[in-house]
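Sequential numbering of the sequence shown, starting at 308, is according to this note's numbering.
Glycine included, every Cβ here is placed at the ideal spot set by N, Cα and C.
Since the structure is predicted, the reported quantities are computational estimates derived from the model, not experimental observations.
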Amino acid sequence: TRSARYNTSGDGNTYVGTAAGEGHSGLTTGSNNTFMGAFAAFLLTTGSANTGIGILALNDLADGNNNTALGAFAGQNITSASQNVLIGTNTGNTITTEGNNALIGYNAQVPVGVTNSTALGHRAYASGSDVLVLGATAGVNGAATSTKVGINNTNPQHPLSFANNVGPKISLWHNSGTGSTYGFSIA
């Protein structure tokens, strides 16, 4: 099945599936990787401590480290990015060298150049670095509708909904002890 066909000196690897971790002729030294699925990490050369499960998961990965991609086509265009967590079919396909992203949900994405971001939910899209996005936005990344977030509410009707009960709903404060006080409250 050509799995790990050219692995010359890497150790601690597990490859299952047609051409999983096949690598380039004579160049593969990646270690401690696990790949399951046809063509998962097909181009691996020196990357280590990666996990790719699903057809074409981390397909183009050459030398990135510490990536986890679970789902068909997840992270298939990553070449040298590191420390990404990608869970869901087609998740993270725009990433090539960007790292430190967590994308969870079918087709959750970040654009080229974005790092250290999290997008959670079906078609969620984090368009900037260092951001957290909960759910999809209508008209972005193929999403037909926008996600509604509920806090102690199982059926939110608005972009951000809280439980309909008596008591404090939001409270944000900062008191550094040097006289500066910030606050925000909705009850």
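Does DSSP put residue i in a helix, in a strand, or in coil?
i, result
"TYR432", "strand"
"GLY457", "strand"
"ALA327", "coil"
"GLY359", "strand"
"THR321", "strand"
"PHE349", "coil"
"GLN416", "strand"
If residue i sits next to residue j, beta carbons under 8 Å apart, how far is it from one beta carbon to the other, in whole angstroms?
i, j, result
"ALA348", "GLY359", "5 Å"
"GLY395", "ALA381", "7 Å"
"ALA470", "THR454", "Not a contact, Cβ separation roughly 18 Å."
"ALA356", "ASN340", "7 Å"
"ALA409", "ARG430", "Incorrect: roughly 16 Å between the Cβ atoms, too far for contact."
"THR403", "ALA388", "7 Å"
"ASN400", "GLN416", "7 Å"
Going by DSSP, which residues form a beta bridge with residue i?
i, result
"LEU439", "THR425"
"ASP394", "The amino acid occupying residue 394 in the given sequence is Ile; Asp does not appear at that position. LEU377, ILE411, per the DSSP bridge assignment."
"LEU467", "VAL456"
"THR341", "THR321, THR358"
Drop a sphere of 10 angstroms on the beta-carbon of residue i, count the other beta-carbons inside from all chains shown, and report buried for 16 or more, exposed for fewer.
i, result
"ILE458", "exposed"
"SER424", "buried"
"THR398", "buried"
"LEU377", "buried"
"LEU351", "buried"
"GLY328", "buried"
"GLY435", "exposed"
"VAL419", "exposed"
"ASN462", "exposed"
"GLY446", "exposed"
"GLY361", "buried"
"GLY319", "exposed"
"LEU467", "exposed"
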